[in-house]
Structure formats: structure tokens, C-alpha cells
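**Student:**
Number of protein chains: 2
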Amino acid sequence: MNPKDDFLTQETAKILKAISHPTRLWMVEQLAQGELCVCVFNENLESDFSTISKHLTVLKEAGLVDFEKRGKQVFYYLKMTCVLNFIACIKGTVKQEYLDKLKKIENHEAA
Amino acid sequence: MNPKDDFLTQETAKILKAISHPTRLWMVEQLAQGELCVCVFNENLESDFSTISKHLTVLKEAGLVDFEKRGKQVFYYLKMTCVLNFIACIKGTVKQEYLDKLKKIENHEAA
DNA sequence: GTTTTATTTGGTAAATTTGCCAAATAAGAA
DNA sequence: TTCTTATTTGGCAAATTTACCAAATAAAAC
Numbered sequence: 289m290n291p292k293d294d295f296l297t298q299e300t301a302k303i304l305k306a307i308s309h310p311t312r313l314w315m316v317e318q319l320a321q322g323e324l325c326v327c328v329f330n331e332n333l334e335s336d337f338s339t340i341s342k343h344l345t346v347l348k349e350a351g352l353v354d355f356e357k358r359g360k361q362v363f364y365y366l367k368m369t370c371v372l373n374f375i376a377c378i379k380g381t382v383k384q385e386y387l388d389k390l391k392k393i394e395n396h397e398a399a
Numbered sequence: 289m290n291p292k293d294d295f296l297t298q299e300t301a302k303i304l305k306a307i308s309h310p311t312r313l314w315m316v317e318q319l320a321q322g323e324l325c326v327c328v329f330n331e332n333l334e335s336d337f338s339t340i341s342k343h344l345t346v347l348k349e350a351g352l353v354d355f356e357k358r359g360k361q362v363f364y365y366l367k368m369t370c371v372l373n374f375i376a377c378i379k380g381t382v383k384q385e386y387l388d389k390l391k392k393i394e395n396h397e398a399a
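Note that the protein sequences, when read in sequence, are chains A and B.
Heads up, the first sequence stops at 399 in the numbering used here, and the numbers go up one at a time, no gaps.
Heads up, the second sequence stops at 399 in the numbering used here, and the numbers go up one at a time, no gaps.
1. Strictly under 7 angstroms for the Cβ-Cβ distance: is Q298/B near chain A by that measure?
2. With DSSP collapsed to three states, give me the class of L387/B.
3. Check for me: the alpha helix (DSSP H) holding K357/A runs from which residue to which?
4. Does the segment 340–348 of chain A come within contact of the segment 384–398 of chain A, defined as at least 3 CB pairs closer than 8 angstroms?
5. Suppose you measure from the CA of V353/B to the CA of D336/B; what does that come to, to the nearest Å?
6. For the segment 316–347 of chain A, list every residue whose C-beta sits within 7 angstroms of some C-beta in chain B, in sequence order.
7. Assign A320/A to one of two classes, buried (16 or more other C-beta atoms within 10 Å of its C-beta) or exposed (fewer than that).
8. On a Cα-Cα basis, can you pick out the residue from L296/A, E317/A, Q298/A that is closest to A376/A?
9. Once the 5 residues before and after K367/B are set aside, which same chain residues still bring their CB inside 8 angstroms of it?
10. Pick out whichever of N290/A, P291/A, Q298/A, C325/A has its Cα sitting closest to the Cα of Y365/A.
11. According to DSSP, simplified to helix, strand and coil, what is N366/A?
12. How about the segment 328–335 of chain B and the segment 295–303 of chain B: do they share at least three Cβ pairs that are nearer than 8 angstroms?
13. Looking only at DSSP bridge pairs, what is Q361/A linked to?
14. Look at L313/B and A301/A and say whether their C-beta atoms are less than 7 angstroms apart.
15. Going by beta carbon distance, what residues of the same chain come within less than 7 angstroms of F329/B, once the five residues before and after it are set aside?
16. Return yes when the C-beta of V362/A is under 6 angstroms from any heavy atom of the ligand GTP, and no when it is not.
17. Exposed or buried, which one is I303/B when buried takes at least 16 other CB atoms within 10 Å?
18. Rounded to whole angstroms, how far is the Cβ of I393/A from the Cβ of C370/B, which I believe are closer than 8 angstroms?
19. Considering only residues of the segment 302–359 of chain A, which uninterrupted alpha helix (DSSP H) runs meet the minimum length of 4 residues and lie entirely inside it, listed in chain order?
20. Can you give the Cα-Cα distance for G380/B and E299/A, rounded to whole angstroms?
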């Protein structure tokens, strides 16, 4: 068996890879509330505009977002809202694990 | 803003990166049914044993799985079952998109 | 003890990703 | 038309990931 030959696995992995970068993950979360102009990302992120543009292209190619040009501006919006549940779920787990770890440390110090 | 400085975003991205490789994604799906011996992966995947072992280590470090040694064998099991819903959801979307694309082609040919 | 079996670790070359700069494009404003 | 603004593209070096081989470890079998 080679999972790389399985179309569905392959495509799913591609989508996951698209949101597996901190900046792109953050972008997707920002888009949860609705479409955003590229300029907003440029204002709020510290990276070079070209870097931001390329991140958005990665999301677009994975099918996670799409965009619409209006005048000089470009607006990106989320196409696969499904990912939001997941991100919330993962974040919840991460947060819980972090709290558990803290509690463990506290108990150790108490003993 | 730099999403790389945000702990939660960072950790979540790490988990996503862990399952963004076709082989590792497939492994996680196999583990949905319960624990599996490394030997099962070795039997069913075409990669080198060392490659498989390293993939499992990536999953372990992301907190997605854990393992237990029993005799000479090592058994891995899923810790973050939450990801299964998501994978199912993404796969569903990918499948639907694929079907839509097919339909579009059919309609074009008919016209 | 030695040998065999199961798995991991170290090392490394090839492939991919990332992020910056400079230049190109696109569209409205002057 | 020329100028300015918004965004993308091309090119490239640095960082990371991947996958193989060979060697190391761990535990049971002999």
C-alpha cells in the first residue's frame, strides 16, 4: 500500500498541508467572520506583502478559499467552512493539554 | 501580528502538519479502529521501516498518538480522536468537489 | 551467553517550502 | 496619459522535510 497513490488521501493531505502553517492557519481563522481584503492581512501581519500573497495563493490552490476582485482590491473568502470546527476542536485539545500539564506541575510542587 | 508567536496557533499548526503527509494521514485513519503494532504498518506500507518509524515519531511528538511496548513489539494508538471527524469532513468535501467536477464535464459534453 | 526479530537512531542527499527583494501587472486617480 | 496604490509574479538563498541506508538498541528465543 502506498497512500501517495490514493487520490482522496492525497487531496485531503494537500488541504491539511495548506492550513498547517501558522500564518495560513491564522488567515483561515480570520476569514471565519467573512471576506477580507488582502490589504487587511498586509496591515495586520508582519511579513512582506509578497509572502502574504503567496500564502493566500496556497490556500486558494487547496480549494480552501476563493477571491473576488473589486476595484484595486482583492477580497478573499472561506470556501471550506468545515475546517473551522476542526480548528476549534484541535485548539480545544491543545488548550486542555496545556492546562493538564500545568496542573501536573502544580501537584508535583505541592508534593 | 505574527501568528508564529501565538502558542495556540503554533501548536495547532504542528498537529495539522503532522497529519498533512499522505502516509501519516493514512496511519491515523488506520488507528481509528484501535491500536496497531508497528509491524502492521511495516507489512502494509511500501516504505523503509526506518521511514515508517520516523513518521510515527512525528505523530507522537504532535500528541496525536502514543505507544506501548509489549515484548518485542510496539503498539501505537490514537490519542486525539477529534481529528477523525475532521478528516471525514475534509474527505467528504474533496469527494463532493470531485463529483461536481465530473458532473460539470458531463454537462459540457452534453451541450 | 549468542542469535534472531522488532524497532529506532544517525547520517545524508534530494525534494520541498519559506520568505525576502525587485520587478511586473492591474486599476483607479489626477 | 502619467501617477499612485494594491497585489502578484519571478528569482533565489536559507530552512525544513522526506526517505533511504547502515548501524544501534531492546527483548525474546535458542
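Glycine residues also receive a C-beta, built at the ideal position from the N, C-alpha and C atoms.
**Tutor:** In short, the structure shows the following:
1. yes
2. helix
3. Note, K357/A: premise wrong, no alpha helix (DSSP H); beta strand (DSSP E) at 353–358.
4. no
5. 21 angstroms
6. N332, L333, E334
7. exposed
8. E317/A
9. G351, L352, V353, D354
10. C325/A
11. Residue identity check: residue 366/A is Leu in the sequence provided, not Asn. Three-state DSSP puts L366/A in a strand.
12. no
13. R358/A
14. yes
15. M315, I340
16. By its list of ligands, the structure shown contains no ligand whatsoever, and the ligand GTP lies outside what it can speak to.
17. buried
18. With 8 angstroms as the limit, I393/A and C370/B do not qualify as a contact, their Cβ atoms being about 24 angstroms apart.
19. 310–318, 326–332, 337–349
20. 11 angstroms
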